[in-house]
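Everything in the sequence shown is counted per the numbering used here, starting at 12 for the first residue and increasing by one.
Notes follow once the structure below has been shown.
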Amino acid sequence: MFLKVYFVLFLLDGTITYMKTDILAIGDVVIDAFIRLKEAEVRCDEHKQNCKLCLSFADKVPYESVEICKAVGNSANASVSAARLGLNSALLSYVGNDRNGDECVEELQKNNVHTEYVRKEDGKVTNYHYVLWYDVDRTILVKHETYNYSLGNIEAPKWIYLSSMGENSLEFHMEIADFLDKNPDTKLVFQPGTFQMKFGKDALARIYKKTDIFFCNVEESQRILGRSDTRDLPTLMKEMMALGPKIVCITDGIDGAYAYDGTHMWFMSVYPHVPFERTGAGDAFASTVTSALLLGKTLEEAMMWGPINSMSVVQKVGAQKGLLTRERLEEYLRNAPTDYKPRLL
């Protein structure tokens with residue numbers, strides 16, 4: 012039997028109160044090894060799309076450095092982001108019964124993420140990815156272990172934040188949909204990962220219909236919808252909403268982000284910055300918008316929060332080092348340019 016996650020507060024009068032989980036992030040946790048490349052090039056087509064990272068084949072390719080980031084991955088990043096913003100945050104994930112798994116759990120706990128639902132599985136290894144870092148961007152070599160996914164006995168959180176998992180997780184998504192049917196007060200945030208997009212929108216139709224807030228980037232929306240013929244954001248947002256989400260947010264890298272609530276569409280620019288390494292920008296945006304909404308902010312206000320955390324994250328290596336506290340984020344917000352606000356489309 013798995014433990015129920017509550018957050019315990021000891022009050023001044025000596026009494027104890029139990030706080031419900033604000034955000035339960037569900038998805039794979041990984042270790043990222045950032046390999047900073049020295050000798051590489053990027054080749055794109057005539058439209059500056061379909062770009063490829065190119066290295067010398069059958070050669071010894073020098074690199075500049077390696078940096079290890081533990082307990083990362085879309086859902087783990089979201090859980091750390093929420094915790095740093097002051098929310099009660101937990102992660103449901105799997106690791107191998109190995110040293111890497113132990114270190115991931117330790118890292119999450121250091122970041123005030125509750126780990127009662129991080130399960131160690133015998134005979135499995137902890138996910139380990141290699142990040143080829145060139146210039147300010149990265150190409151990630153991914154391999155998801157085939158864990159025996161199950162919700163088990165969990166207490167209903169206020170929100171579930173669902174993101175990247177392995178290719179054997181389709182049935183687990185149906186279990187999550189069943190859980191949401193039984194717990195209609197729990198809201199769902201969906202930020203699909205590689206295999207969730209490969210499953211296709213029809214296979215995950217129940218998840219899309221249960222989604223309160225959906226996040227992806229432009230290219231991912233084209234892939235999900237099968238719309239390589241258009242990059243028109245209003246079209247993509249409307250078609251994505253037709254799958255079921257109540258709010259759709261689509262990011263477009265340094266060109267900003269868009270949101271649609273079924274009535275209004277907004278565009279939000281990036282917070283002014285020069286990036287150092289872009290891993291985790293999308294996770295920071297999605298998790299911060301979600302956290303802001305949970306903290307009682309409007310969608311317009313939340314859209315101003317998201318780019319600030321993204322800006323901070325890309326100043327550091329990896330997806331978590333730059334995540335801000337609420338106090339620091341609000342300081343950036345007070346010092347933002349006068350035109351830093353959502354614009355209605």
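Glycine residues also receive a C-beta, built at the ideal position from the N, C-alpha and C atoms.
No experiment lies behind these values; they were computed from the predicted model shown.
Residue interval of the alpha helix (DSSP H) (run including residue i)
i: V116; result: 110 to 121
i: A51; result: Careful: A51 lies outside any alpha helix (DSSP H) and carries neither H nor E.
i: I319; result: 310 to 324
i: D192; result: 181 to 193
i: V106; result: Counting along the chain, V106 falls outside any alpha helix (DSSP H), though it belongs to the beta strand (DSSP E) covering 100 to 107.
i: V91; result: 85 to 95
Own chain residues within Cβ distance below 6 Å of residue i, not counting five before or after
i: S321; result: A292, A295, F296
i: Q362; result: Nothing about residue 362 can be read from this structure; the chain reaches only from 12 to 356.
i: G107; result: K135, V136, T137
i: T32; result: V16, N99, A101, P168
i: D43; result: C80, V83, H140, V142
i: L236; result: E250
Given residue i as reference, the closest of the options once Cα atoms are compared
i: K249; options: I265, Y74, G273; result: G273
i: V328; options: A167, M185, K49, V147; result: V147
i: A101; options: E312, Y139, V124; result: V124
i: Y282; options: A51, K63, G317; result: G317
i: M276; options: P353, M176, C62; result: P353
i: L152; options: V325, V41, V91; result: V41
i: K131; options: W144, G237, V116; result: V116
i: E75; options: A93, R47, C62; result: R47
i: D350; options: N99, L335, M279; result: M279
i: Q388; options: V229, I187, M208; result: No answer is possible for residue 388: the residues shown for the chain start at 12 and end at 356.
i: G333; options: A347, L305, L310, T299; result: T299
i: N164; options: N85, I187, L143; result: I187
i: C246; options: D39, Y105, Y269; result: Note that residue 246 is Thr in the sequence shown, not Cys. Of D39, Y105, Y269, the residue nearest in Cα terms is Y269.
i: I319; options: L64, T309, R345; result: R345
i: A94; options: K154, L305, E288, S174; result: L305
i: R176; options: N88, C62, S104, V72; result: Note that residue 176 corresponds to Met in the displayed sequence, not to Arg. It is S104.
i: P348; options: M315, V325, K308; result: M315
i: V259; options: D223, E231, R242, N85; result: D223
i: E338; options: S67, G97, S90; result: G97
i: E231; options: D263, P286, S92; result: D263
i: N179; options: Q207, D133, S323, L173; result: Q207
i: V91; options: V72, N122, P73; result: N122
Own chain residues within Cβ distance below 7 Å of residue i, not counting five before or after
i: L181; result: F210, A214
i: L14; result: Note that L14 scores 43 on pLDDT, short of 50, meaning its location in the model is unreliable and no value can be drawn from it.
i: E52; result: C65
i: W144; result: F45, I46, R47, L48, E288
i: T290; result: V142, R149, G329, A330
i: A303; result: E312, A313, W316
Range of the contiguous beta strand (DSSP E) that encloses residue i
i: H140; result: 138 to 145
i: E178; result: No beta strand (DSSP E) contains E178, which DSSP labels as neither H nor E.
i: G205; result: Contrary to the premise, residue 205 reads as Thr rather than Gly in this sequence. Unbroken run through T205 is the alpha helix (DSSP H), 205 to 210; no beta strand (DSSP E).
i: E341; result: Here E341 belongs to no beta strand (DSSP E); instead the alpha helix (DSSP H) covers 337 to 345.
i: Y172; result: 170 to 173
i: D148; result: 148 to 152
i: L199; result: 198 to 201
i: C65; result: 63 to 65
i: K352; result: No beta strand (DSSP E) contains K352, which DSSP labels as neither H nor E.
i: E132; result: 129 to 132
i: L368; result: Outside the modelled stretch of the chain, which goes from 12 to 356, sits residue 368, for which no answer is possible.
i: I37; result: 34 to 37
Exposure of residue i, with buried meaning 16 or more beta-carbon neighbours within 10 Å
i: F45; result: buried
i: F225; result: buried
i: Q120; result: exposed
i: Q202; result: buried
i: C227; result: buried
i: G204; result: buried
i: L35; result: buried
i: L22; result: The pLDDT assigned to L22 is 43, lower than 50, so where the model puts this residue is not dependable, and the model offers no usable value.
i: L6; result: No statement about residue 6 is possible, as the shown extent of the chain runs from 12 to 356 and does not include it.
i: V19; result: Only weak support is given to the placement of V19: the predicted model assigns it a pLDDT of 49, under 50, and the value that follows is read from those uncertain coordinates. V19 is exposed by the Cβ-count criterion.
i: T157; result: exposed
i: Q331; result: buried
i: E342; result: exposed
i: D266; result: exposed
i: T241; result: exposed
i: H155; result: buried
Cutoff 8 Å; reference residue i; Cβ partners in own chain excluding five residues on either side
i: T197; result: A167, P168, K169, W170, I171, F190, L191
i: Y219; result: F201, K212, F225, L254, G255, P256
i: R54; result: C62, K63, C65
i: N194; result: A167
Neighbour flag for residue i against chain D, beta carbons, 8 Å
i: Y74; result: The structure shown has no chain D; it contains just one protein chain.
* Tell me the start and end of each unbroken beta strand (DSSP E) in the segment 222 to 292 that is at least 3 residues and wholly inside, in chain order. => If we require 3 residues or more, the beta strand (DSSP E) runs fully inside the segment 222 to 292 come out as 224 to 228, 258 to 262, 268 to 271, 276 to 279.
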